[in-house]
Each structure stands twice: as C-alpha cells, then as structure tokens.
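Only one structure is covered here, and it is reproduced in the block below.
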Amino acid sequence: MKAIFYVLVVILTTNFRSLIAAPSRVNIDGVWYTNGQTAYVECGKTSVYVYIDVITDGVDILGIDVTTTPNFSVSDTPSDIEKSLNLDSNKQNGYIDVGYENNPGLGTIRVYVNQKPPMPTFTATSTLCSTGNSATFTVSDAYSFQSTKPLDLVWQTTGGVTVNSGTTYTSTGSTTSSVTIQYNSFGSVSVRGVIPGCSNLQGDAITYWFGAPGSSDITFAATGGGDNGSSFCVGNTRNYQANPNLPLSQYSYSWSIPSGSSNVSYFYSYGPNATVTAGSTGGFLLQMSVTNSACSTTGGSSRTFFISSCGFRVANNPTTDKITALFDAGDEDQSLPSSLRLSSEKNGTIREVKVKGQYSEEAVKNGLQIELDVHSLPRGTYYLQGIYSLDRTESIRIILQ
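One point on numbering: in the working numbering, the residue at position 52 of the sequence shown is 206, and numbering is uninterrupted.
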C-alpha cells in the first residue's frame, strides 16, 4: 500500500510540474514585471533583489533560476525564491531570463533591465514646410527617479534647424520640456535624457526631421563593409542603405536605374534599402529619391558604377621561375575564383591552389598577387585556369622558357 501511495505522489507531482510553463511574473527592486517588460532601476544602484512568487510542486518550493546578459551577474541569497542581481558597472542595459531552478524544460520569462533614462516622446510637434517657419515642440520622459537622481532633457539640432535660436538647449531638472524650433533648411532635432548625478548617463535620443535632403545631405553606401566605390565585378551583389536612414514615418523612398539597367541582372528596393547584382560589363546609374511625406518635397542623390569582368591576368609572360597571377585592386572575395589550376596538354593538372576565402579582405581590396613556383617544371606551354564554378572557367596560356 505504501508503494502504491509513493507512485501516486510521483505521478501527481510530475503532472503538476508539466502544468507550470514559467513564472508568471518577477519582482525586480520592489516592482513586479511580466514577460517582455522593461524594469527601470535608479542609476545610483549597483545591485537589486530579484524574486518570484512562492510556488510548490506539491512537495517542495520551486526555487528561482536567473540567467543574464554578460554585463550582469547573479549572487545567491538565503531564500530559494530570491537572487541578487549585480548590475553593469558602466550602467549599461541588459536583460534577465527567469525560470524555475533545476527545471530547464519549464521555460523562462525575459525582463529587460535599464539604468539609462527612457527615450523621450514628442507630445507636441508641427509640420514646418516653408523656410523660416517656427513652432513649439514638446517632449516628455517617463523617468521615475526625479526626486533622487534628477533628469535633464538635452535638445540638439543639425543642418538648417535651430532650437530656441541655437543648436543646443538643456531643460534642467525636468521630465518635460517645450522649445521653439525653426526650420531653415534640411536638418533634424534630437532630444535625450541625461542624468548629471550619474556621470551624465545618457539615454537614447528621439529624432524629428525637417525638409527634403539635397545631394550633399544624403547618400547611400553598401552595408557590411563591402562598398568598393564605383567598382563592380560581374556577378557581385551589394546591398545599399541610405545615410542618414530617414524614418518611413516621415519620408518615402524611390530607387531607380535611369541608365545602364541592361547591365544589371537583379534590382530590388524597399524603403531606405536597395539590392543590386551586376550582370554584364559596362556601367549603370543608381538613383535614390527621398520625399518628405508631409510637405511633398523631394530630394535625394545618385551614384554611377562601372562593371568589369574582374578576371585575373599574368605578369611576365613568358616566364622562367614563377607565375604571378594578378587581381585588380577593389575586387571582392566573392569575385575571386575558387582556385587557380596549372595544367599542360600532356600531363593534365599539375598544380592547384585555393583562392576564395584564403586571403584577408584588405589583401583582396589592395590587389591580390598569387605566385606559383615553376622553376622545376619542364619548359613549354602551360595553361593557368581560374575555376569560378562548374560552368565558368577562365584560362591564360603560359610559356615557360
């Protein structure tokens, strides 16, 4: 009978555990939060307590388990349901995942922990389309620690925009601020919270843009470090993004290829981004138009590109001791052959070296040189092949003398 009771308890406990997906909430520094919420902690604190509700599995209390981003750490406390969260020494934001101890399959909830002040929000704006027009702009910040660590709101402008007749303005010790913005030409105003009592700890800024950008105000560049100026290789694909990246809430984008579209095999654009694949040698013009939606004014910029086959060539042909394969400066790794293969009509493949993925990005962009030692080979006619794919090879006839 005792054995039957034990089995029954185990079954009931197992079923109970399977019903608990994760803690429903977690308390951070005295405030309860649920999954996906953000906990704001005063910037003067270096650690806070984290705990969950008391839940049992029918036998034991389920202990708390906390994992964090690398800039945070966790210390134990005497309580099974509580941990001490050690915050970032530089007051940087992070998050914690909270679950039940020794029950990894039950799931977790994530709460973001910030000591930086929240991003302000605009509560009053105005559409300024004509040069010289001005209006009152107001922001507020949902900052909770004004009594202990007062907040400043700092305004900054760029281009032809002024705030209270200047380029910067600070509203001291306040979570709301109203200023006069004047529009003279394309530019922006940004506002962020700053906490002087924590070494001027800054929050993220909110930005509002004015006017339409001219060609000197905006450009576009390839993302991922792959912008080689005006040079393109056949088969290369590049993703371009507007700079500055103006928000779709205020601006619309239109990309086009007014000339040279026949040399482009693929073109796609959305918002501030465009993707282009070079299809054949020649050139093309890529144009980006940007329209201020509220004012219906348009600006933008364009760039001209030149497409080459980006194949390799050989220095000193005929040669005696070595073969030097040369690749143009500005080529990309993806334009290089997978390998270089040296062969002869009599003996077939004699030597093969890997190329793609074997050299640093800097070496490729500076103009790659690959040398093959041939001093011991019989004199005569050879062929150096660039193997790009199963259906593409490039071959150069080599004379050893």
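Glycine included, each C-beta is placed from N, C-alpha and C at the ideal position.
Inset, instruction - Tell me, please, whether the segment 276-283 touches the segment 207-224 by the rule of three or more beta-carbon pairs shorter than 8 angstroms. - result: no
Inset, instruction - Return the CA-CA distance between L439 and Q395, expressed in angstroms with no decimal places. - result: Sequence index remark: in the sequence shown, residue 439 carries index 285 (1-based). Sequence index remark: in the sequence shown, residue 395 carries index 241 (1-based). Each residue's alpha carbon lies about 16 angstroms from the other.
Inset, instruction - Run through the segment 326-400 for me and flag every whole beta strand (DSSP E) of 3 or more residues, listed as ranges in chain order. - result: 330-349, 360-364, 373-376, 385-387, 391-397
Inset, instruction - List the endpoints of the continuous alpha helix (DSSP H) containing V518. - result: Taking the first residue of the sequence shown as position 1, residue 518 is located at position 364. Per DSSP, V518 belongs to the alpha helix (DSSP H) from 515-519.
Legend entry - Limits of the unbroken beta strand (DSSP E) element including K476: Reading the sequence shown from its first residue, position 322 is the one you call residue 476. From DSSP, the beta strand (DSSP E) with K476 extends over 476-480.
Legend entry - Given T319 as reference, the closest of T302, P304, A289 once Cα atoms are compared: To locate residue 319, count along the sequence shown from 1; it is residue 165. Per the sequence shown, the amino acid found at residue 319 is Ser instead of Thr. Taking only the C-alpha atoms, the option nearest S319 is A289.
Legend entry - Rounded Cβ spacing between C352 and C464 (contact assumed at less than 8 angstroms): As a first step, residue 352 must be located in the sequence shown, where it is residue number 198. As a first step, residue 464 must be located in the sequence shown, where it is residue number 310. Not really, about 53 angstroms apart at Cβ, beyond 8 angstroms.
Inset, instruction - Please report the Cβ distance between I524 and A479, rounded to the nearest whole angstrom; I am assuming they are in contact, meaning their Cβ atoms lie under 8 angstroms. - result: In the sequence shown, residue 524 corresponds to position 370, counting from 1. In the sequence shown, residue 479 corresponds to position 325, counting from 1. Indeed they touch by this definition, with Cβ atoms about 5 angstroms apart.
Legend entry - Contact between the segment 353-364 and the segment 395-408 (3+ Cβ pairs under 8 angstroms): yes
Inset, instruction - Kindly list the residues whose CB is nearer than 7 angstroms to the CB of V185, restricted to its own chain and excluding five residues on each side of it in sequence; keep chain order. - result: On the sequence shown, residue 185 is found 31 positions in, with the first residue counted as 1. Cβ within range, chain order: A193.
Legend entry - 7 angstroms Cβ shell around F481 - same chain, five flanking residues per side excluded: Translated into positions along the sequence shown, residue 481 becomes position 327. Hits under 7 angstroms: F466, L490, G521, L522.
Inset, instruction - Starting from the Cα of V265, find the closest Cα among N225, V180, G347, N256 and give me that residue. - result: Mapped onto the sequence shown, residue 265 falls at position 111. The shortest Cα separation from V265 among N225, V180, G347, N256 belongs to V180.
Legend entry - Member of L554, N189, N240 whose CA lies at the smallest distance from the CA of T200: Counted from its first residue, the sequence shown places residue 200 at position 46. Per the Cα distances, N240.
Legend entry - DSSP beta-bridge partners of D251: Taking the first residue of the sequence shown as position 1, residue 251 is located at position 97. DSSP output for D251 lists T221, R264 as bridge partner(s).
Inset, instruction - Compute the Euclidean distance between the alpha carbons of I235 and E196, then round it to the nearest angstrom. - result: Here residue 235 refers to the residue found at position 81 when the sequence shown is read from its first residue. Here residue 196 refers to the residue found at position 42 when the sequence shown is read from its first residue. Going by the C-alpha atoms only, they are around 23 angstroms apart.
Legend entry - Through-space distance from S543 to F170, alpha-carbon basis: As a working mapping, residue 170 is identified with position 16 in the sequence shown. As a working mapping, residue 543 is identified with position 389 in the sequence shown. Low confidence applies here, because F170 scores a pLDDT of 47, under 50, leaving its location unreliable and the question unanswered by this model.
Legend entry - C-alpha gap between F421 and Q441, whole angstroms: Mapped onto the sequence shown, residue 421 falls at position 267. Mapped onto the sequence shown, residue 441 falls at position 287. Going from the Cα of F421 to the Cα of Q441 covers about 12 angstroms.
Legend entry - In chain order, each beta strand (DSSP E) run of at least 3 residues that lies wholly inside the segment 273-313: 275-278, 288-294
Inset, instruction - Kindly list the residues whose CB is nearer than 8 angstroms to the CB of D251, restricted to its own chain and excluding five residues on each side of it in sequence; keep chain order. - result: Position 97 of the sequence shown, counting from 1, holds the residue named residue 251. Contacts found: V220, T221, T222, T262, I263, R264.
Inset, instruction - State the beta-bridge partners of L538 as determined by DSSP. - result: Looking up residue 538 in the sequence shown gives position 384. Per DSSP, L496, I550.
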